[in-house]
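Heads up, our numbering is the position in the sequence shown plus 21, with the first residue counted as 1.
Note that CB positions come from ideal geometry on N, CA and C, so glycine has one too.
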Amino acid sequence: MTARARSSRRRLIAGILGVSVLAGSSAIAGAQPVDARFTDAEYAASGTFTSFTVPPATITACTITNNALGVFQSVTLVWTSIYPASGIRLTLTQGATTAVVPASTIATSGPNGGVYTHTAVLSQALLASLLTNLLGSTTTMTVNNLLVGTAWVSVGVSRQLSIALLGTGATCT
């Protein structure tokens, strides 16, 4: 037998041996079927699903304070909510401008019977700093309850602050 024939014979034997090892190992340790975590069905024996809506606040007072000449000085908005200070938001909207009232200007007391009372005293200076034009305008003050830790927000409850051009005759409705 020549060297070339022996080399070919060795390669043939090595190839047959390699194929045999691969075929034998896959027959011995075949892949085990598994269920993916998301395909396991779960069924509830009983029960119901209910939805949750963040309950709105209740505005209890909106009071205007004028100076001795009858010129607007401030508006006090009082509302109740089952949510503490971290779960409320007061916004002011005038035309296309909306501003959030800083939480530091809102005083909170309670809870009394599970209800907090929130009071915001909005001075003319504060309103003017948040909005571009205060006199001769109408500003919507909107209170929302927030479910902390989520993006859930209640329906807003609002009052309208109207101030005449000269700062007199302010109303809150």
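With distance defined between alpha-carbon atoms, name the residue in the options nearest to residue i.
i	options	result
GLY188	ALA172, GLN94, GLY36, VAL142	GLN94
GLY157	VAL122, SER102, LEU33, LEU182	LEU182
PRO105	THR74, SER150, PRO132	PRO132
ALA82	LEU38, ALA141, GLN145	ALA141
ALA146	SER130, VAL122, VAL136	VAL122
HIS139	LEU148, ALA149, ASN87, THR126	THR126
THR114	LEU98, ALA89, THR129, LEU148	LEU148
SER107	ALA89, ASN87, ALA128	ALA128
Would you give the residue range spanned by the beta strand (DSSP E) that residue i belongs to?
i	result
SER183	178-184
ALA82	79-87
SER107	Counting along the chain, SER107 falls outside any beta strand (DSSP E), and DSSP gives it neither H nor E.
ASN133	127-133
THR119	118-121
Name the two residues that bound the continuous alpha helix (DSSP H) containing residue i.
i	result
ALA149	145-151
Checking the sheet assignment: what are the DSSP bridge partners for residue i?
i	result
LEU167	VAL174
THR71	Answer is none; THR71 lacks a bridge partner.
VAL96	ILE85, LEU143
LEU43	According to DSSP, which records beta bridges pairwise, LEU43 is partnered with nothing at all.
TYR137	SER102
LEU211	Residue 211 is absent from the model: the chain starts at 22 and stops at 194.
Which value, in whole angstroms, describes the spacing of the CA atoms of residue i and residue j?
i	j	result
PHE70	VAL42	57 Å
Spatial neighbours of residue i within its chain, please: CB distance less than 6 Å, with the 5 preceding and 5 following residues excluded, ordered by chain position.
i	result
ILE260	Since the displayed the chain opens at 22 and closes at 194, residue 260 lies outside it and no answer follows.
ALA78	TRP100, SER102, VAL164, ASN166, VAL178
LEU168	VAL75
THR160	LEU113, GLN115, LEU182
ALA120	LEU113, LEU151
In chain order, what residues of the same chain have a beta carbon less than 7 Å from the beta carbon of residue i, not counting five sequence neighbours either side?
i	result
ALA153	Sequence check: residue 153 is Thr here, not Ala. Only THR118 meet the Cβ criterion.
GLY135	ILE103
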